[in-house]
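Chemist: In UniProt numbering, the protein residues as written are 1 to 60.
A single structure is presented below for examination.
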């Protein structure tokens with residue numbers, strides 16, 4: 001008998017949000033370096049909440 005995996009719980013991740021976060025992080029780092037780089041700054045620049053970043057990347 002073949003096992004079938006259950007679908008993931010919750011809403012699927014939006015790849016557009018991933019792209020916005022990555023782009024914001026790259027631009028922010030290029031402008032400010034490590035001194036001006038924070039989750040809060042990336043979230044603000046990407047137009048997402050900090051939780052969106054923490055859910056995708058649990059560590060720095």
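C-beta atoms are modelled at their ideal positions from N, C-alpha and C, and glycine is treated no differently.
In this text, all values refer to a predicted model and were calculated from it rather than measured experimentally.
Measure the C-alpha to C-alpha separation of residue 20 and residue 36 and round it to an integer number of angstroms.
Modeler: Computed Cα separation, rounded: 18 Å.
Chemist: Quick one: grab the DSSP three-state call for residue 57.
Modeler: The answer is coil: DSSP assigns residue 57 none of H, G, I, E or B.
Chemist: In angstroms with no decimal places, state the Cα-to-Cα distance between residue 51 and residue 33.
Modeler: Using only the alpha carbons, I get a separation of about 22 Å.
Chemist: Can you find the residues in the same chain that come closer than 8 Å, C-beta to C-beta, to residue 49, ignoring five residues on each side of it along the sequence?
Modeler: The answer, listed in chain order, is 43.
Chemist: Buried or exposed, going by whether 16 or more other CB atoms sit within 10 Å of the CB of residue 61?
Modeler: Given that the chain is displayed from residue 1 to residue 60, the structure contains no residue 61 and the question cannot be resolved.
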